[in-house]
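Some notes on the structure that comes next.
Residue numbers (the UniProt record's numbering): 1 to 172.
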(Lines of atoms letter the chains of each structure in order from A and count residues from 1; the text may use other names and numbers.)
(Lines give C-alpha, C1' and ligand atoms only; values in the text may rest on other atoms or scores of the structure.)
Protein backbone atom coordinates (compact mmCIF):
# COMPACT_ATOMS: atom_id res chain seq x y z
CA UNK A 1 0.00 0.00 0.00
CA UNK A 2 1.42 3.39 -0.98
CA UNK A 3 2.07 6.07 1.62
CA UNK A 4 -0.68 8.27 0.15
CA UNK A 5 -3.25 5.45 0.32
CA UNK A 6 -2.20 4.64 3.89
CA UNK A 7 -2.55 8.29 4.93
CA UNK A 8 -5.95 8.53 3.24
CA UNK A 9 -7.05 5.31 4.96
CA UNK A 10 -5.86 6.57 8.37
CA UNK A 11 -7.59 9.91 7.81
CA UNK A 12 -10.83 8.09 6.99
CA UNK A 13 -10.55 5.92 10.12
CA UNK A 14 -9.79 8.99 12.22
CA UNK A 15 -12.84 10.81 10.88
CA UNK A 16 -15.05 7.76 11.50
CA UNK A 17 -13.76 7.47 15.06
CA UNK A 18 -14.26 11.18 15.63
CA UNK A 19 -17.86 11.03 14.38
CA UNK A 20 -18.71 7.99 16.52
CA UNK A 21 -17.06 9.51 19.57
CA UNK A 22 -18.89 12.82 19.07
CA UNK A 23 -22.17 10.93 18.69
CA UNK A 24 -21.45 9.00 21.90
CA UNK A 25 -20.58 12.13 23.88
CA UNK A 26 -23.63 13.99 22.56
CA UNK A 27 -25.82 11.01 23.53
CA UNK A 28 -24.43 11.04 27.09
CA UNK A 29 -24.93 14.82 27.32
CA UNK A 30 -28.53 14.47 26.11
CA UNK A 31 -29.21 11.68 28.61
CA UNK A 32 -27.73 13.83 31.39
CA UNK A 33 -29.93 16.77 30.36
CA UNK A 34 -33.03 14.56 30.19
CA UNK A 35 -32.24 13.11 33.62
CA UNK A 36 -31.83 16.61 35.08
CA UNK A 37 -35.16 17.74 33.63
CA UNK A 38 -36.87 14.72 35.16
CA UNK A 39 -35.15 14.75 38.58
CA UNK A 40 -34.38 18.50 38.87
CA UNK A 41 -30.85 17.57 39.91
CA UNK A 42 -27.89 15.66 38.52
CA UNK A 43 -27.90 12.12 39.88
CA UNK A 44 -24.62 10.65 41.12
CA UNK A 45 -24.39 8.13 38.27
CA UNK A 46 -24.90 10.93 35.72
CA UNK A 47 -22.14 13.02 37.31
CA UNK A 48 -19.87 9.98 37.34
CA UNK A 49 -20.54 9.34 33.63
CA UNK A 50 -19.73 12.97 32.82
CA UNK A 51 -16.56 12.81 34.90
CA UNK A 52 -15.51 9.56 33.19
CA UNK A 53 -15.83 11.24 29.79
CA UNK A 54 -14.44 14.70 30.56
CA UNK A 55 -12.20 14.10 33.59
CA UNK A 56 -10.62 17.11 35.26
CA UNK A 57 -12.21 19.46 32.72
CA UNK A 58 -15.60 18.47 34.14
CA UNK A 59 -14.46 19.18 37.71
CA UNK A 60 -13.24 22.64 36.70
CA UNK A 61 -16.46 23.24 34.75
CA UNK A 62 -18.46 22.44 37.89
CA UNK A 63 -16.34 24.95 39.77
CA UNK A 64 -17.03 27.67 37.16
CA UNK A 65 -20.73 26.79 37.25
CA UNK A 66 -20.97 26.76 41.07
CA UNK A 67 -19.25 30.15 41.26
CA UNK A 68 -21.77 31.65 38.81
CA UNK A 69 -19.19 32.72 36.24
CA UNK A 70 -21.50 32.46 33.21
CA UNK A 71 -23.34 35.46 31.73
CA UNK A 72 -25.73 35.54 28.79
CA UNK A 73 -25.33 38.76 26.80
CA UNK A 74 -28.36 39.96 24.80
CA UNK A 75 -28.86 42.91 22.48
CA UNK A 76 -31.55 45.32 23.64
CA UNK A 77 -33.05 48.67 22.70
CA UNK A 78 -31.17 50.21 25.64
CA UNK A 79 -28.22 49.02 27.68
CA UNK A 80 -29.18 47.45 30.99
CA UNK A 81 -32.82 46.95 30.00
CA UNK A 82 -34.25 43.58 28.91
CA UNK A 83 -35.50 43.56 25.31
CA UNK A 84 -39.17 44.28 24.64
CA UNK A 85 -39.57 41.69 21.91
CA UNK A 86 -38.54 38.12 21.23
CA UNK A 87 -36.47 39.11 18.20
CA UNK A 88 -33.59 40.07 20.49
CA UNK A 89 -33.86 37.15 22.91
CA UNK A 90 -33.10 34.65 20.14
CA UNK A 91 -29.60 36.14 19.70
CA UNK A 92 -27.10 36.08 22.51
CA UNK A 93 -23.49 35.39 23.37
CA UNK A 94 -22.21 33.62 26.44
CA UNK A 95 -19.43 35.07 28.57
CA UNK A 96 -17.42 32.85 30.89
CA UNK A 97 -15.13 34.40 33.47
CA UNK A 98 -12.37 31.85 33.88
CA UNK A 99 -10.82 30.90 37.20
CA UNK A 100 -7.80 33.03 36.26
CA UNK A 101 -10.07 36.02 35.62
CA UNK A 102 -9.76 35.82 31.83
CA UNK A 103 -12.97 36.41 29.88
CA UNK A 104 -14.04 33.94 27.19
CA UNK A 105 -16.89 34.65 24.77
CA UNK A 106 -18.72 31.64 23.38
CA UNK A 107 -21.45 31.19 20.85
CA UNK A 108 -24.41 29.23 22.28
CA UNK A 109 -24.63 25.53 21.45
CA UNK A 110 -21.27 25.49 19.66
CA UNK A 111 -18.37 23.40 20.91
CA UNK A 112 -15.67 26.02 20.46
CA UNK A 113 -13.66 28.24 22.79
CA UNK A 114 -10.66 30.51 22.33
CA UNK A 115 -8.88 29.21 25.44
CA UNK A 116 -5.47 27.54 25.24
CA UNK A 117 -6.87 24.23 26.51
CA UNK A 118 -9.38 24.04 23.66
CA UNK A 119 -6.75 24.94 21.09
CA UNK A 120 -4.13 22.48 22.39
CA UNK A 121 -6.12 19.56 23.80
CA UNK A 122 -9.26 19.63 21.65
CA UNK A 123 -8.10 20.91 18.27
CA UNK A 124 -4.43 19.92 18.15
CA UNK A 125 -3.93 16.62 19.97
CA UNK A 126 -7.62 15.65 20.35
CA UNK A 127 -7.13 14.41 23.90
CA UNK A 128 -10.31 16.20 25.07
CA UNK A 129 -13.75 16.56 23.51
CA UNK A 130 -14.18 20.10 24.86
CA UNK A 131 -12.91 22.52 27.50
CA UNK A 132 -14.15 23.49 30.95
CA UNK A 133 -15.67 26.75 29.64
CA UNK A 134 -17.93 25.00 27.13
CA UNK A 135 -18.91 22.40 29.75
CA UNK A 136 -19.75 25.12 32.29
CA UNK A 137 -21.98 26.81 29.70
CA UNK A 138 -23.66 23.47 29.01
CA UNK A 139 -24.32 22.94 32.75
CA UNK A 140 -25.85 26.41 33.01
CA UNK A 141 -28.00 25.90 29.92
CA UNK A 142 -29.41 22.68 31.39
CA UNK A 143 -30.03 23.91 34.93
CA UNK A 144 -30.94 27.55 34.12
CA UNK A 145 -29.30 28.27 37.47
CA UNK A 146 -26.33 30.34 38.62
CA UNK A 147 -26.66 32.44 35.50
CA UNK A 148 -26.33 36.20 35.02
CA UNK A 149 -27.84 38.30 32.25
CA UNK A 150 -26.43 41.40 30.62
CA UNK A 151 -28.28 43.63 28.17
CA UNK A 152 -26.33 45.83 25.78
CA UNK A 153 -27.34 47.99 22.84
CA UNK A 154 -27.62 46.51 19.36
CA UNK A 155 -24.52 48.49 18.32
CA UNK A 156 -22.51 47.13 21.26
CA UNK A 157 -23.71 43.61 20.46
CA UNK A 158 -22.67 43.93 16.81
CA UNK A 159 -19.25 45.23 17.87
CA UNK A 160 -18.87 42.30 20.24
CA UNK A 161 -19.79 39.87 17.45
CA UNK A 162 -17.36 41.54 15.07
CA UNK A 163 -14.61 41.35 17.68
CA UNK A 164 -15.27 37.60 18.13
CA UNK A 165 -15.07 36.98 14.39
CA UNK A 166 -11.89 39.05 13.99
CA UNK A 167 -10.31 37.52 17.09
CA UNK A 168 -10.88 33.98 15.75
CA UNK A 169 -9.18 34.89 12.47
CA UNK A 170 -5.95 35.64 14.33
CA UNK A 171 -5.86 32.51 16.49
CA UNK A 172 -3.29 30.08 15.15
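C-beta: ideal position from N, C-alpha, C; glycine also. All figures in this text were calculated on a predicted structure; none of them were measured in a lab.
Check, Outcome
"Just the Cα atoms here: how many angstroms apart are residue 158 and residue 152?", "10 Å"
"Report yes or no: do the stretch 104-111 and the stretch 36-49 share at least 3 C-beta pairs separated by less than 8 Å?", "no"
"Going by the CB atoms, is the gap between residue 58 and residue 135 shorter than 8 Å?", "yes"
"Considering only the alpha carbon of each residue, which of 50, 93, 149 and 142 lies closest to residue 160?", "93"
"Consult DSSP for residue 70 and reduce its assignment to one of helix, strand or coil.", "strand"
"Within a Cβ cutoff of 8 Å, which residues of the same chain sit near residue 156, ignoring the five residues on either side of it in sequence?", "75 and 79"
"Checking the sheet assignment: what are the DSSP bridge partners for residue 156?", "Bridge partners of residue 156: none, in fact."
"State the start and end residues of the unbroken beta strand (DSSP E) segment that holds residue 104.", "103-106"
"To the nearest angstrom, report how far apart residue 24 and residue 100 are at their CA atoms.", "31 Å"
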